[in-house]
Amino acid sequence: DTGVSQNPRHKITKRGQNVTFRCDPISEHNRLYWYRQTLGQGPEFLTYFQNEAQLEKSRLLSDRFSAERPKGSFSTLEIQRTEQGDSAMYLCASTGMIGDFTDTQYFGPGTRLTVL
Amino acid sequence: QKEVEQNSGPLSVPEGAIASLNCTYSDRGSQSFFWYRQYSGKSPELIMFIYSNGDKEDGRFTAQLNKASQYVSLLIRDSQPSDSATYLCAVRAFSGGYNKLIFGAGTRLAVHP
Numbered sequence: 005d006t007g008v009s010q011n012p013r014h015k016i017t018k019r020g021q022n023v024t025f026r027c028d029p030i031s032e033h034n035r036l037y038w039y040r041q042t043l044g045q046g047p048e049f050l051t052y053f054q055n056e057a058q059l060e061k062s063r064l065l066s067d068r069f070s071a072e073r074p075k076g077s078f079s080t081l082e083i084q085r086t087e088q089g090d091s092a093m094y095l096c097a098s099t100g101m102i103g104d105f106t107d108t109q110y111f112g113p114g115t116r117l118t119v120l
Numbered sequence: 002q003k004e005v006e007q008n009s010g011p012l013s014v015p016e017g018a019i020a021s022l023n024c025t026y027s028d029r030g031s032q033s034f035f036w037y038r039q040y041s042g043k044s045p046e047l048i049m050f051i052y053s054n055g056d057k058e059d060g061r062f063t064a065q066l067n068k069a070s071q072y073v074s075l076l077i078r079d080s081q082p083s084d085s086a087t088y089l090c091a092v093r094a095f096s097g098g099y100n101k102l103i104f105g106a107g108t109r110l111a112v113h114p
């Protein structure tokens, strides 16, 4: 078990460009979450997948954001036409280990996005 | 009103002292509560979870839950400089048939030698 991984770890882009982030959850976990965290704030929920189905999207997730989880394995988060306000740490978390009644979420290292 | 509230700090304690971190939540139906530690520039790492009223101890850490007062706390005994970090309180919210975590803004802890 290598934990949740995310790539890239850092991304610097110019306003208006598209970016895509990848999350590989812990292999036994069937549930995957994306959060966004800005400086001085706690993580804010963006979206949730159970297997390959995207079951919930926060109102924070504008039409420029799209997430997928093909085949219920890794997930991607794409931001189109980036804006400076999109600059944040994007965190992925997974859960769903059989027997884990606490439903504890384990976080990846995050992708820090800077939009110039 | 924020759903999960924490004092932003910084909370400054001397090495070896007890650090007390507090958190209040608004949803009286909340059942599970988590404390995460986050070092600067890093992602949150789980310290403890608690779901029953009372205390739960794990090494130097003790989580306390009082559902009647909608209050969760984390005590760190024998604080070390390596404990200096932001501590995030999270409440599990169940809606639409699934769980998500609602985080507070975190309390920054500084342990000085």
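Protein sequence lines correspond, in order, to chains A and B.
Just add 4 to the spot in the first sequence (first one is 1) and you have the numbering used here.
Just add 1 to the spot in the second sequence (first one is 1) and you have the numbering used here.
Glycine residues also receive a C-beta, built at the ideal position from the N, C-alpha and C atoms.
Name the chain B residues that come within less than 7 Å of residue i, Cβ to Cβ?
i	result
A/Q45	A106
A/G114	S44
Cα separation between residue i and residue j?
i	j	result
B/Y52	B/T63	13 Å
B/D84	A/H33	29 Å
B/A20	B/I77	5 Å
A/L59	A/D67	16 Å
A/K18	A/G76	31 Å
A/N11	B/G17	38 Å
A/A71	B/A91	24 Å
B/T87	A/G20	33 Å
B/S27	A/E56	32 Å
A/L50	A/Y37	7 Å
A/P47	A/R116	13 Å
A/S9	A/T24	15 Å
A/R13	B/S70	40 Å
A/Q45	B/P82	23 Å
A/D28	A/Q88	26 Å
B/L75	A/Y110	19 Å
B/P15	B/E4	31 Å
A/P74	B/A94	26 Å
A/Q54	B/S44	22 Å
Buried or exposed: which applies to residue i, given that a residue is buried once 16 or more other Cβ atoms fall within 10 Å of its Cβ?
i	result
B/T25	buried
A/A92	buried
B/D59	exposed
B/R29	exposed
A/S31	exposed
B/Y40	exposed
B/D79	exposed
B/G107	buried
A/I16	exposed
A/R85	exposed
For a contact defined as C-beta to C-beta under 8 Å, what are the partners of residue i on chain B?
i	result
A/Y94	Result: empty, since nearest Cβ-Cβ is about 10 Å, beyond 8 Å.
A/F49	K101, L102, I103
Quick one: which chain A residues come within Cβ less than 7 Å of residue i?
i	result
B/F50	T106, T108
B/N100	D107
B/L22	Residues of chain A passing the Cβ test: none, with the nearest at roughly 13 Å.
B/R93	D107
B/L66	Residues of chain A passing the Cβ test: none, with the nearest at roughly 14 Å.
In terms of alpha-carbon separation, which member of the options lies closest to residue i?
i	options	result
B/L110	B/D28, B/R38, B/S33, B/E6	B/R38
A/K61	B/L47, B/N23, B/N100	B/N100
A/G7	B/A69, B/N67, B/E4, B/L47	B/L47
B/S9	A/R35, A/R73, A/L43	A/L43
B/N54	B/N67, B/G42, B/Y40, B/W36	B/N67
A/R26	A/L120, A/T106, A/C96	A/C96
A/G114	A/N22, A/Q41, A/R35	A/Q41
A/Y39	B/F95, B/P11, B/F104	B/F104
B/F34	B/P11, B/L89, B/L12, B/R61	B/L89
Find the residues of chain A that neighbour residue i, judging by a C-beta separation of less than 8 Å, and give them in chain order.
i	result
B/S33	T106, D107
Kindly list, in the order they appear in chain A, the residues whose Cβ is closer than 9 Å to that of residue i.
i	result
B/L89	G46, P47
B/L12	Chain A residues near B/L12: none, gap ~15 Å exceeds 9 Å.
B/L47	T108, Q109, Y110, F111
Counting only C-beta atoms, is residue i closer than 9 Å to chain E at any point?
i	result
B/S53	The structure shown has no chain E; the protein chains it does contain are A and B.
Exercise. Whole beta strand (DSSP E) runs in the segment 42–107 of chain B with 3 or more residues, listed along the chain?
Worked result: 46–51, 55–59, 62–67, 72–77, 86–96, 99–104
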